[in-house]
Amino acid sequence: MRTVPRVACINDLSGFGRCSLTTVLPVLSVMGVQACPAPTAVLSKHTGFPRFTFTDLTDSLKDYLESWNDLEFDWIFVGFLGSLGQIEMIRRFFEMQKRKNPACRILLDPVMGDSGKRYSTYTPALCDAVRELVSEADVITPNITEACLLTGTEYRGECLHLHEAEALAKSLMQLSCGAAVITGIVRENQIGNLTYLDGKAAYSAVHRTESLFSGTGDLFAAVLCGALARGKSLPEAVGIAGEFLSEVTQGTLRQNTPAEEGILFEPYLYHLGEMLHEK
Ligand code: PXL
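Just so we're aligned, residue 1374 is where the sequence shown starts under the working numbering, counting upward by one.
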């Protein structure tokens, strides 16, 4: 393994709201991972705000990714996409990178929606295409809404019995990914993640806060990616990400900031380096 693992981060740049690249880059850097951004779109704010600008970067993404084919990445981390046309470019990038480095791994956060609703820029055709990408991924990290969209399951809220979550994970595995982590499962006063790996499900949970902050899934996936790139196993990486998310959401709640401004992770970032050594 390289001393500093290298990750290609295919995601949008939202100027305000703490999500996607503005979350991924600091998290990976502080975890000792080289984060190389490939922006899919530039937004002035994320789509949860009533007013934002959206510049789709599909026209430049193909050459951008192709110019990286003389490099080797240890991981490719895919999040929010700008358009349907980007799917094929990303699939080709996967293919080229796997050919150069068979040990290259793919983390796909199938960003499509939340709380039962698709994000405004995610058309049904784009969601179908994201489903096709799932088969290429070593790990996927959908929330419940996204897991339902991917598997054609009816969304019935964030509270799931463990057997329902496990059934959802098994349906996701039928899309041929290597492992699935379903995030944000609510059970009484706990919020947890179900990891499905090697035919087995494992649930881990932390105390739940009442508020839902935007960008929570992006932060979880970023920490997971950092821990995996630093050589942690998937269960260890899920543990670190869950613990960090619990700490930062509780800290954010105490500040009483608007939910769309996201999680105030900045004061806690330095803990991530320590957490890598503790586990
Ligand atoms: O947090 C996921 C996300 C990523 N990128 C953009 C978004 C959202 C969720 O709203 O709008 C641009």
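In this text, a Cβ means the ideal position worked out from N, Cα and C, and glycines have one as well.
In this text the structure is predicted, and so the values were computed from the model without any measurement.
TODO: Check whether the Cβ atoms of Ala1510 and Ile1463 sit closer than 7 Å, and answer yes or no.
DONE: Cβ atoms of Ala1510 and Ile1463: not closer than 7 Å.
TODO: Measure the alpha-carbon distance for Pro1631 versus Ala1381 and round it to whole angstroms.
DONE: If you take the alpha carbons of Pro1631 and Ala1381, they lie about 31 Å apart.
- [ ] Answer with buried or exposed for Ala1595, where buried requires no fewer than 16 other C-beta atoms within 10 angstroms of its C-beta.
- [x] Classification for Ala1595: buried.
Task: Contact set, the ligand PXL heavy atom to C-beta under 6 Å - done: In chain order, the qualifying residues are Asp1385, Ser1387, Cys1392, Ser1393, Leu1416, His1419, Thr1420, Gly1421, Phe1453, Val1484, Tyr1492, Ser1587, Gly1588, Gly1590, Asp1591.
Task: Cutoff 8 Å; reference Leu1416; Cβ partners in own chain excluding five residues on either side - done: So the list reads Asp1385, Leu1386, Ser1387, Gly1388, Phe1425, Thr1426, Phe1427, Thr1428, once near-sequence residues are dropped.
Open item on the list: Using CA atoms only, rank isn't needed, just tell me which of Ala1408, Arg1391, Gly1390 is closest to Leu1398.
Closed with: Considering only Ala1408, Arg1391, Gly1390, the residue with the shortest C-alpha distance to Leu1398 is Ala1408.
Open item on the list: Here's the rule I'm using: 16 or more other beta-carbon atoms within 10 Å means buried, otherwise exposed. How should Ser1393 be labelled?
Closed with: Buried: at least 16 other Cβ atoms inside 10 Å.
TODO: Starting from Ile1383, follow the beta strand (DSSP E) in both directions and report where the run begins and ends.
DONE: DSSP places Ile1383 in the uninterrupted beta strand (DSSP E) bounded by 1379-1387.
- [ ] Would you identify the three-state DSSP class for Asp1429, choosing helix, strand or coil?
- [x] Taken through DSSP and simplified to helix, strand or coil, Asp1429 comes out as strand.
Task: Contact under 7 Å by Cβ, Asn1566 with Val1579 - done: No.
TODO: Quickly, what does DSSP pair His1580 with across the bridge? List them, please.
DONE: DSSP, once it has assigned bridges, lists Gln1563 as partnering His1580.
Task: Three-state secondary structure assigned by DSSP to Arg1472 - done: Assignment of Arg1472 by DSSP, reduced to helix, strand and coil, places it in the helix class.
Task: Counterpart residues of Pro1410 in DSSP-defined beta bridges - done: DSSP output for Pro1410 lists Cys1382 as bridge partner(s).
Task: Span of the alpha helix (DSSP H) around Val1451 - done: Element bounds for Val1451: not the alpha helix (DSSP H) but the beta strand (DSSP E), 1448-1451.
TODO: Compare the C-beta of Gly1557 against all C-beta atoms of chain C and say whether one is closer than 7 Å.
DONE: No chain C appears in the structure shown, which is made up of a single protein chain.
TODO: Would you mind stating whether Ala1552 and Val1507 have Cβ atoms separated by less than 7 Å?
DONE: It is not a contact, given that the beta carbons lie outside the stated cut-off.
TODO: With a threshold of 16 other CB atoms inside 10 Å of the CB of Arg1391, please say whether the residue is buried or exposed.
DONE: Label assigned to Arg1391: buried.
TODO: Sort Gly1590, Met1469, Phe1453, Leu1607 by Cα distance to Glu1445 and report the nearest one.
DONE: For the residues Gly1590, Met1469, Phe1453, Leu1607, the minimum Cα distance to Glu1445 belongs to Met1469.
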